[in-house]
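Report on the following structure.
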Amino acid sequence: KDVHYLHGLFPKDFLEMLERERLDIPVSSCSNNMYANRHFLRSPQIAAQLLSYLPNQCKLAHVLSDLRFIAYPAGGYIAPHVDGVRLDEETSVP
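Remember, our numbering sits 12 above the position in the sequence shown when you count from 1.
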């Protein structure tokens, strides 16, 4: 699979909006393998906005609406692990 690094892709106002959203999401305490604060958000609207900033060369038609923000304090970590499979509610694709 191809890997693309897209530096400076998102405008400052979009990134500031994501930060405001993140601050409003409660911390998830459903994991015992980390010393970090996790915030989960499912937003088809934000996913569509994010997709609108991606170049056509990426050939993406859809972006998964699940966003995960992880804030590590000093000494924070996530232990080695394998993530579970998430299905996109719109496409049923993992």
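Don't be surprised by glycine CBs; every beta carbon is placed ideally from N, CA and C.
Remember, predicted model here, so these are calculated numbers, not experimental data.
{"Query": "Take the Cβ of ALA73 as the centre, count every other Cβ of all protein chains shown within 10 Å, and call the residue buried at 16 or more, exposed below.", "Result": "exposed"}
{"Query": "Give the list of continuous beta strand (DSSP E) stretches no shorter than 3 residues that lie fully inside the segment 40-68.", "Result": "49-54"}
{"Query": "With a threshold of 8 angstroms, are at least 3 pairs of Cβ atoms found where one atom belongs to the segment 31-47 and the other to the segment 63-78?", "Result": "no"}
{"Query": "With 16 other CB atoms within 10 Å as the buried threshold, where does LEU18 fall?", "Result": "exposed"}
{"Query": "Report the partner residues of GLU83 according to the DSSP bridge assignment.", "Result": "Reading the sequence as shown, one finds Ala at residue 83 and not Glu. Paired residues: ASN49."}
{"Query": "According to DSSP, ILE90 sits in a beta bridge with which residue or residues?", "Result": "MET46"}
{"Query": "Excluding the 5 residues flanking LEU21 on each side, which residues of the same chain have their C-beta closer than 6 angstroms to its C-beta?", "Result": "TYR65"}
{"Query": "Let me know the secondary structure DSSP gives ASP14 once reduced to three states.", "Result": "coil"}
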